[in-house]
Amino acid sequence: MQPENKEQLRVLKANAKALKISVETEQSPYAPDFVAMVKNAEKRGSYKTVDPNDVWGSLNLK
158 MQPENKEQLR VLKANAKALK ISVETEQSPY APDFVAMVKN AEKRGSYKTV DPNDVWGSLN
218 LK
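219 is the number that this note's numbering gives the last residue of the sequence shown; the numbers go up by one with no jumps.
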């Protein structure tokens, strides 16, 4: 499961505990400040989408 916020995560963990189900959580391999920077750029629309089949063309480098 992938909860959207900490409240959903808390509720899911509480339900799992009540049902005696073990829960494993994984830490993100990315630094929190990097994740925040990427999310803010996405909100502002200041990002580029790269087509893996045409990387150079996606970046206007052809």
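C-beta atoms are modelled at their ideal positions from N, C-alpha and C, and glycine is treated no differently.
- Residue 160 has its alpha-carbon roughly 11 Å from the corresponding atom of residue 182.
- When rounded, the separation of the alpha-carbon atoms in residue 209 and residue 215 is 9 Å.
- Collapsing the DSSP output to three states places residue 169 in a helix.
- Collapsing the DSSP output to three states places residue 183 in coil.
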